[in-house]
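First up is the structure itself, then whatever we jot down about it.
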């Protein structure tokens, strides 16, 4: 893998997560079950990838309650948006060089 491609984002499942969260407006959040359904991932698989993205500072995980029901909201951080933009630029450069 070229050095410019962020290995945290480059994993296919994490790339799908980051791309989905990047489609949200800045500051917008999505509930965990909605993202899980959108990506057709198991809860455990999505949680594992979210943890890696959160550890890298790319995703913000907010756990709260609606009534007595626990709810988890997810959002891309500013660092995550920057990392994804850098990843996209590096990928485009790589593709241009392959022509």
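Numbering (the numbering used here), first residue to last: 1237 to 1335. Quick reminder that beta carbons are idealized off the backbone N, C-alpha and C, glycines included.
Exercise. Give the C-beta separation of residue 1258 and residue 1317 to the nearest angstrom, bearing in mind that I take them to be a contact with Cβ-Cβ under 8 Å.
Key: The sequence position of residue 1258 within the chain shown is 22, counting from 1. The sequence position of residue 1317 within the chain shown is 81, counting from 1. Indeed they touch by this definition, with Cβ atoms about 6 Å apart.
Practice problem: Please state whether DSSP places residue 1294 in a helix, a strand or coil. | Solution: Start at 1 with the first residue of the chain shown, and residue 1294 comes out as number 58. Residue state, collapsed to three classes: coil.
Quiz item: In chain order, what residues of the same chain have a beta carbon less than 6 Å from the beta carbon of residue 1296, not counting five sequence neighbours either side?
Solution: In the chain shown, residue 1296 corresponds to position 60, counting from 1. Excluding positions up to five away in sequence, the list reads 1311 and 1313.
Quiz item: Out of curiosity, what's the CA-to-CA distance linking residue 1283 and residue 1324?
Solution: Working through the chain shown from its first residue, we reach residue 1283 at position 47. Working through the chain shown from its first residue, we reach residue 1324 at position 88. Inter-residue distance for residue 1283 and residue 1324 is about 24 Å (C-alpha atoms, whole angstroms).
Quiz item: When DSSP labels each residue in this structure, what does residue 1284 get in the three-state scheme?
Solution: Translated into positions along the chain shown, residue 1284 becomes position 48. Assigned with DSSP and collapsed to three states, residue 1284 falls in helix.
Quiz item: At a cut of 8 Å, does the segment 1238-1252 reach the segment 1287-1296 through at least three beta carbon pairs?
Solution: The segment 1238-1252, when compared against the segment 1287-1296, does touch it at the 8 Å Cβ threshold.
Quiz prompt | Close-in-space but distant-in-sequence residues of the same chain around residue 1251 (CB under 7 Å, 5 per side omitted) | solution = Along the chain shown, read from residue 1 onward, the residue named residue 1251 stands at position 15. Hits under 7 Å: 1245.
Quiz item: Are residue 1308 and residue 1268 close, meaning C-beta to C-beta below 8 Å?
Solution: For the purposes of this step, residue 1308 is taken as the residue at position 72 of the chain shown. For the purposes of this step, residue 1268 is taken as the residue at position 32 of the chain shown. Contact: yes.
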